[in-house]
DNA sequence: GTAATTATTTATCTTATGATAAATACTTCC
DNA sequence: GGAAGTATTTATCATAAGATAAATAATTAC
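Residue numbers (the numbering used here), protein chains in the order written: chain P, 32 to 223; chain B, 32 to 223.
In structure tokens form, the structure reads like this:
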């Protein structure tokens, strides 16, 4: 029997590939459910990322400091994963932090243990390959959006694609995600 | 014996993982060496990407049209791969094209055949997982560079990291890669 | 429920980049 | 090697977004 707290994680996995029961059991063993209060850093800047998180409830963001200014790299919502891949895949300390924006329940998957399971379970390696390929595609598409649309176009696209962000996340975090200052975002919002 | 034209490809692979001889042989079978003249489109816009290319000689770029204007997404040089991942991994037609900028010798790897080999050769699946993870990390890092540095900073960083680009690629292609117009790039270059 | 803190908006002025046009430099091809 | 085509630079003017400061609104903590 699968831990009821892990059901949504395995539903998420099914969007990418099917796992055998043994594989599900093996993954279950390296999952830890944790709850975190909002406005806390789940992982600080400078920490080497050894965890892939799945969000059962809440919102998280990845951010870093550029010349002391807080910059949001990405947001993650319910039923999605979040990880600092540039650290996870290189083993180097991350310049980025993961912060919880709404009281959250997360599933933490230890990446050392996960990667070790790849030899025994090629199906798990495949699953995470597919998840990461999809995330890679999202990132490639994001470059296009950042580089070749105006701030106003990007704001409107975000409102359309993910209205939840605007409702649930402070605008100051959204501004840097869009690549502009908070003042500029406010100006764009005021324009009608 | 490995076809001498494929040696650099297998050297490239060794940077990520070791392959058994059978696996190398299997990959060799789905590789095709091709030569292409400069200024030709290797794959046109609208085509569904079914090939991963390795560059033995020459330069390629991925570009697309935004409101009729040519935008460079990326460049690839000798001893690297190039593919339109957003099509390769989704099976959807790409809005992007691959163009050859200098007379080139390429190794074309058929992705349908490659992906089919993953069941028989988990080591090949692993190899390409690692290659794509590294490419994903590069892309994440590129977002940071596009979004939070000025055009001038980006130009100087490019000169430092990859002076070859400036020497071998027409500036008009570099400008859109940096996210600015050619006129702006010319202005930045003239500033000192 | 009020004070203190934090978030958002508004205003002003500055600046980097865009758009357009024209001048110059460089390539290619017969 | 000269004409035609292409690439790059320079100039001018317009505009989106940045920086700073101050005003207002919303949230949080006691």
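C-beta atoms are modelled at their ideal positions from N, C-alpha and C, and glycine is treated no differently.
None of these values were measured; they are calculated from a predicted model.
Original post:
Does any C-beta atom of chain B lie closer than 8 Å to the C-beta of residue 56 (chain P)?
Top reply: no
Subject >> For residue 94 (chain P), the first and last residue of its enclosing beta strand (DSSP E) >> reply: 82-97
Original post:
Where residue 79 (chain B) and residue 113 (chain B) are concerned, what is the direct C-alpha to C-alpha distance, given to the nearest angstrom?
Top reply: Rounded to whole angstroms, residue 79 (chain B) and residue 113 (chain B) show a C-alpha spacing of 14 Å.
**OP:** Given a cut-off of 8 Å, decide if residue 131 (chain B) and residue 89 (chain B) are closer than it, judged by their beta-carbon atoms.
**Re:** yes
**OP:** Answer yes if the region 147-161 of chain B comes into contact with the region 49-58 of chain B, meaning at least three C-beta pairs across the two stretches below 8 Å, and no otherwise.
**Re:** yes
Subject >> Strand pairing of residue 141 (chain B), partner residues [DSSP] >> reply: Looking at the DSSP assignment, residue 141 (chain B) forms a beta bridge with B:82.
Original post:
Is there a Cβ from chain P that is less than 8 Å from the Cβ of residue 92 (chain B)?
Top reply: no
**OP:** Say whether chain B places a C-beta atom closer than 8 Å to the C-beta of residue 173 (chain P).
**Re:** yes
Subject >> Those residues which DSSP pairs with residue 128 (chain B) across a bridge >> reply: B:94
**OP:** Determine the closest residue to residue 72 (chain B) out of B:43, B:91 and B:61, with distance taken between C-alpha atoms.
**Re:** B:91
Original post:
Using the C-alpha atoms, what's the distance from residue 200 (chain B) back to residue 243 (chain B)?
Top reply: Here chain B has residues from 32 to 223 only, and residue 243 (chain B) is not among them.
**OP:** Determine the DSSP secondary structure at residue 117 (chain B), reduced to helix, strand or coil.
**Re:** Correct three-state label for residue 117 (chain B): helix.
Original post:
Using a Cβ-Cβ cut-off of 8 Å (strictly less than) and excluding sequence neighbours within five positions of residue 104 (chain P), which residues of its own chain qualify?
Top reply: 92, 93, 94, 95, 127 and 208
**OP:** Just the chain P side, please: which residues come within less than 8 Å of residue 140 (chain B) by C-beta, in chain order?
**Re:** The premise fails here: residue 140 (chain B) is roughly 16 Å from chain P at the closest Cβ pair, so nothing lies under 8 Å.
**OP:** List the residues of chain B that residue 221 (chain P) touches, going by C-beta distances under 7 Å, in chain order.
**Re:** Chain B residues near residue 221 (chain P): none, gap ~23 Å exceeds 7 Å.
Original post:
How about residue 148 (chain P) and residue 206 (chain P): do their beta carbons lie closer than 8 Å?
Top reply: No, the pair does not count as a contact, with Cβ atoms beyond the cut-off.
Subject >> Closer than 8 Å to chain P by CB, residue 66 (chain B) >> reply: Judged by the 8 Å Cβ criterion, residue 66 (chain B) is not in contact with chain P.
Original post:
the region 183-217 of chain B: which residues have C-beta closer than 8 Å to a C-beta of chain P, in chain order?
Top reply: 210
Original post:
Where does residue 195 (chain B) fall in DSSP's three states?
Top reply: helix
**OP:** Kindly indicate if chain B contains any beta-carbon less than 8 Å away from that of residue 178 (chain P).
**Re:** With 8 Å as the cut-off, residue 178 (chain P) counts as an interface residue toward chain B.
Original post:
List, in order along the chain, the chain B residues whose C-beta lies closer than 9 Å to that of residue 120 (chain P)?
Top reply: Close to residue 120 (chain P), with beta-carbon spacing below 9 Å, are these residues of chain B in chain order: 161, 164, 165, 167 and 168.
Original post:
What does a CB cutoff of less than 6 Å around residue 124 (chain B) pick up in its chain, not counting 5 residues either side in sequence?
Top reply: 77 and 79
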